[in-house]
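Protein chains in written order, with this note's numbering: chain A, 1 to 348; chain B, 349 to 718; chain C, 719 to 1038.
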């Protein structure tokens, strides 16, 4: 069990969590160490300290529980209201739907945007990670990694500004071309919206935002590929790419999956960039290039929160609850994958 | 290790020094007091002091900044804050007693009026139409800065029935303009807003056949382009080609604007034309005496009136629990209603100064605040 | 690097043994080369957003950035006035994030200590698991939570600095725990054992030896956590509100923060300027938004850089 990182490489800490699954508390030989018993009065200080530590640890659980409880409490008026009351009380609540029917399309939009982001970001970040870990000169690797990490340092509101002012106008011709040539595929059905305030643009911006997270994790994992595996592959006459395919990628696969899940979690909850870039709409449409078809939960909350009356706020908090549940599920799935990987890699 | 500790202390010291400088060098004096402008005359040297908090419509934000700046320069010891949370939020916070005044794009609803009776001790709520702003229909077409349209045409476009710029409806009204063969992309507000409510109300009143929807703060037609906030709409219209949207006229920038048909003539937006329609409109009935709610006459045929306007109300109580609050609100609102205040808003926000009659009425209500 | 070198073979109809052995190589080598290009391209593609973003923000923001802009608030500024700054927003960001750090750092470090030094059994496992899960809470949900919490007790429309700090803490605690945990685990066991052998009680050994050794890493982790939350907009939008003037009281009254300032200025959009007005800039709000965005990015990058410096120069000599 020696897959802790060689040296602290403090990328965004949460990425390190996956990259270097440091032996968790249960690991043998790494558990609590019991010192020789000291004087009784000293022991009291010791007990106070350990209690404080335990309490702090429990705070995590309490906080998570509190988040759930308070969201439910504040969402309750909306959760318990009939569809008629909601339609009556809230202007933007679509007629003839239930709360679930209202959340549904937004959930769809949220997942759709995140899936696009993943589909773009995962291959690209795998490439970047490979470039840094196996192609670029060793001495440059750290600096290049830092360059990518810089992307993580940019606040999401700035991504929104950039997406609107720089990216969208440049994507418009590409989207128009896409809808003209591939328009027969429902995904790219035209006409492409101008300006391109569509879910595909949002997906691209989200992809850029989660790129550094996935890259950081993937890089760490690829660097941990056992040297012997790599050299064995090369010794068999494999080219560099074949070596990567045979030794690095299989080893990094589960790490990559959990990295993607982390990215997915981040993309699901992104607010400001989506709010500023997307023309929202509440449908289950697959047309990625049409405006006014999709909306994400987080952006909708930020969009409607200011004007919302108390019932509206409750409804928005209820949708926030749905988002919370989804991200929890995604993160738990990611942890589960990591845990399995740990068992797996522990064997070698 | 020893060296380490020293450098660590140095770092801590450096950080401490940095934050101290940060704390010391800032100031609230963004605008230098120039002797001519803001020194109050001796006779009206202010004795007011205190804090005033308000929240509400974001449409009033620019005007409110001008009012707050003007009022604070007359009364240096008063601090006024306005949080543009939105009309709904502003009304809620005001009625809950969280703020002393509020701005709202819509008059209070009946249940809110009942709540207001509690909030305002034994008084009632004052609703003053002190911010009147024309809503412009803006579009982005190369080489065209103005188009004539009847309400039915505007409604057809925004209902996605008229879909091309060279449609016969538009061409008929603009014989002198070469219209491009280009798809029309209507842009609306994605958030609930007073601008949308006024716009849809106008369309519903003036073009009931072409606009089958009810007036609503939330845009009723699905599937178009939309954006958050006035600036989002302006940005979206600017970014596209063949886009058309509606926004507070002051934010229209260099975009093309539509002159709408009133009676038999086409009227472009202007502050004067917007003020004219407010004067021509009757008051809403069955409301408290201090409430000067205007029932906008959207179908007016008054020459030179521009009925596509947004009226945003300034809310206050006629009686406050603390006399300090009352004095401050009274002074602040008197300034807003004054010619000077209205002029300041017109310059900063492009709003329409209220007429003298309306001012007299409003000032009478404000005088009664206690 | 270590692939088989392939020399040019003589042309003949019958393949030699050598050819048979290396037949596939042209295709394989081509694939290898193509993939090298693809992988390099991936990196280049990632640089496009980075460069264009930096350039867009820099070129749009640098014009307005000045000592004046950094040292005044927006009080009394309206319309197209060529005035106003972000001092109140910087101060608000520092205070709100500072309080968030005050809340999350002790909890985070103690939790990390618990996990590394004390934790066993189901509780520790649960904490480890949920710390990870907590890193995934969407920021807007954290904001709604803080708003729900305070509005339940203080009534709707509650907005002041600490509410935002609580929201940020929810986002920050798991990051602090994670990085501190890493750092504490890096402290060699021999140090602990040496301390115990000298009769030092466990809690003192932790404080004086373990934490002391890992302090640089912990500081780095905390700074990175701060950098992570300092750019959050959505949670502050629903909890802290906006104001034009300086407010130093985190317990009362709205505060401006940098990310929210950027968003608000962008949202205010164009200013109507009378024709020929010389002291009126129509795009002033958008200019301010870019300049504030530039400042925000600079702050975040400085924090990141400082964190890396600390970890580089002050890192304890570990077993390596």
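C-beta atoms are modelled at their ideal positions from N, C-alpha and C, and glycine is treated no differently. Because the structure is a prediction, the values reported are computed rather than measured.
For the candidate residues A:173, A:73, A:134, whose alpha-carbon lies nearest to that of residue 219 (chain A)? Relative to residue 219 (chain A), the option among A:173, A:73, A:134 whose CA is nearest is A:134.
Counterpart residues of residue 294 (chain A) in DSSP-defined beta bridges: Bridge partners of residue 294 (chain A): A:280.
Contact check, residue 114 (chain A) vs residue 271 (chain A), beta carbons under 8 Å: At a Cβ-Cβ threshold of 8 Å, residue 114 (chain A) and residue 271 (chain A) do not count as neighbours.
Secondary structure, alpha helix (DSSP H): runs of 4+ residues fully inside the segment 573-646 of chain B: Here the runs fully enclosed are 577-587, 619-628.
According to the neighbour-count rule (16 or more other Cβ atoms, all chains shown, within 10 Å of its Cβ), is residue 780 (chain C) buried or exposed? That one is exposed.
In chain order, what residues of the same chain lie with their CB nearer than 7 Å to the CB of residue 540 (chain B), ignoring the 5 residues before and after it? When the five nearest sequence neighbours on each side are left out, the beta carbons in the same chain lying within less than 7 Å of the beta carbon of residue 540 (chain B) are those of 565, 566, in order along the chain.
Look at residue 877 (chain C) and residue 802 (chain C) and say whether their C-beta atoms are less than 8 Å apart. Cβ atoms of residue 877 (chain C) and residue 802 (chain C): not closer than 8 Å.
In the segment 536-560 of chain B, which residues sit with their C-beta less than 7 Å from some C-beta in chain A, listed in chain order? Correct list: 538, 539, 540, 541.
Do the CB positions of residue 404 (chain B) and residue 450 (chain B) come within less than 8 Å of each other? The beta carbons of residue 404 (chain B) and residue 450 (chain B) sit closer together than 8 Å.
Look up residue 452 (chain B) in the DSSP assignment and give the residues it is bridged to. Bridge partners of residue 452 (chain B): B:661.
Under 8 Å Cβ to Cβ from residue 604 (chain B), same chain only, skipping five residues before and after it: list those, please. Same-chain partners within the cutoff: 486, 487, 488, 489, 492, 493, 494, 495.
Starting from residue 760 (chain C), find everything on chain B with Cβ-Cβ shorter than 9 Å and list it in chain order. Chain-order list of chain B residues neighbouring residue 760 (chain C): empty, with the shortest C-beta distance near 29 Å, by a criterion of under 9 Å.
From the DSSP output, which residues share a beta bridge with residue 399 (chain B)? Under DSSP, residue 399 (chain B) takes part in a beta bridge, and its partners are B:427.
Should residue 291 (chain A) and residue 170 (chain A) be called a contact, given that it needs their Cβ atoms to be closer than 8 Å? Contact flag unset, no.
Report the option in A:73, A:257, A:161 whose CA atom is closest to the CA atom of residue 277 (chain A). Comparing Cα-Cα distances from residue 277 (chain A) to each of A:73, A:257, A:161, the minimum goes to A:161.
Quick one: which chain A residues come within Cβ less than 7 Å of residue 511 (chain B)? Going along chain A, no residue has its Cβ under 7 Å from residue 511 (chain B), so there is no contact; the nearest lies around 11 Å.
Report the neighbours of residue 609 (chain B) on chain C: residues whose CB is nearer than 9 Å to its CB, in chain order. None at all; the shortest Cβ gap to chain C is about 24 Å.
Taking only beta-carbon positions, decide if residue 990 (chain C) is within less than 8 Å of chain B. Yes, contact with chain B.
Residue of B:648, B:673, B:466, B:690 minimising C-alpha distance to residue 428 (chain B): With distances taken between Cα atoms, residue 428 (chain B) lies closest to B:673.
Option nearest residue 806 (chain C) by Cα separation, candidates C:1027, C:752, C:961: Of the residues C:1027, C:752, C:961, the one whose Cα lies closest to the Cα of residue 806 (chain C) is C:961.
Going along the chain, which unbroken runs of the alpha helix (DSSP H) with 4 or more residues stay wholly within the segment 483-546 of chain B? For secondary structure counted as the alpha helix (DSSP H) over 4 or more consecutive residues, the segment 483-546 of chain B holds these complete runs in sequence order: 499-506, 516-521.
Cutting at 8 Å between CB atoms, please list the residues of its own chain near residue 783 (chain C), excluding the five before and the five after it. Apart from the 5 residues on each side of it in sequence, residue 783 (chain C) sits with its Cβ closer than 8 Å to the Cβ of 1009, 1012, 1013 in its chain, given in chain order.
When you compare the CB of residue 292 (chain A) with every CB in chain B, is at least one pair closer than 8 Å? Residue contact check for residue 292 (chain A) against chain B: a CB pair falls below 8 Å.
Which residues does DSSP list as the beta-bridge partners of residue 790 (chain C)? According to DSSP, residue 790 (chain C) bridges with B:375.
Using a C-beta to C-beta distance shorter than 8 Å, which residues of chain A count as neighbours of residue 858 (chain C)? The contacting residues are 269, 271, 298, 301, 302, 320, 323.
Partners in chain A for residue 770 (chain C), counting only beta-carbon separations shorter than 7 Å: The answer, in chain order, is 166.
With the cut-off set at 8 Å, would you say residue 598 (chain B) and residue 410 (chain B) are in Cβ contact? Cβ atoms of residue 598 (chain B) and residue 410 (chain B): closer than 8 Å.
List, in chain order, every chain C residue whose beta-carbon is nearer than 8 Å to that of residue 634 (chain B). Taking a Cβ-Cβ threshold of 8 Å, none of the residues of chain C is close to residue 634 (chain B); the smallest such distance is about 28 Å.
Got a sec? Which residues, its chain only, sit under 8 Å from residue 995 (chain C) by beta carbon, not counting five neighbours each side? Excluding residues within five positions, the ones whose Cβ falls inside 8 Å are 798.
Per DSSP, cross-strand counterpart(s) of residue 473 (chain B): B:665.
Have a look at B:572, B:520, B:609 and flag the residue whose alpha-carbon is nearest the alpha-carbon of residue 531 (chain B). Checking every option, the nearest Cα to that of residue 531 (chain B) belongs to B:572.
Can you give me the Cβ contacts of residue 195 (chain A) inside the same chain, cut-off strictly under 8 Å, excluding the 5 residues immediately before and after it? If we look at residue 195 (chain A) and ignore the five residues flanking it on each side, its Cβ neighbours are 168, 169, 172.
Round the Cβ separation of residue 239 (chain A) and residue 750 (chain C) to the nearest angstrom and send it over; I've been treating them as touching at under 8 Å. With 8 Å as the limit, residue 239 (chain A) and residue 750 (chain C) qualify as a contact, their Cβ atoms being about 4 Å apart.
Burial state of residue 390 (chain B), where buried means 16 or more other Cβ atoms lie within 10 Å: For residue 390 (chain B), the predicted structure reports a pLDDT of 40, less than 50, and the residue's modelled location is therefore unreliable. The matter cannot be settled from this model.
Are the CB atoms of residue 708 (chain B) and residue 474 (chain B) nearer to each other than 8 Å? It is not a contact, given that the beta carbons lie outside the stated cut-off.
Since residue 960 (chain C) meets chain B, which of its residues come closer than 8 Å, beta carbon to beta carbon? Going along chain B in sequence order, the residues near residue 960 (chain C) (Cβ under 8 Å) are 431, 432.
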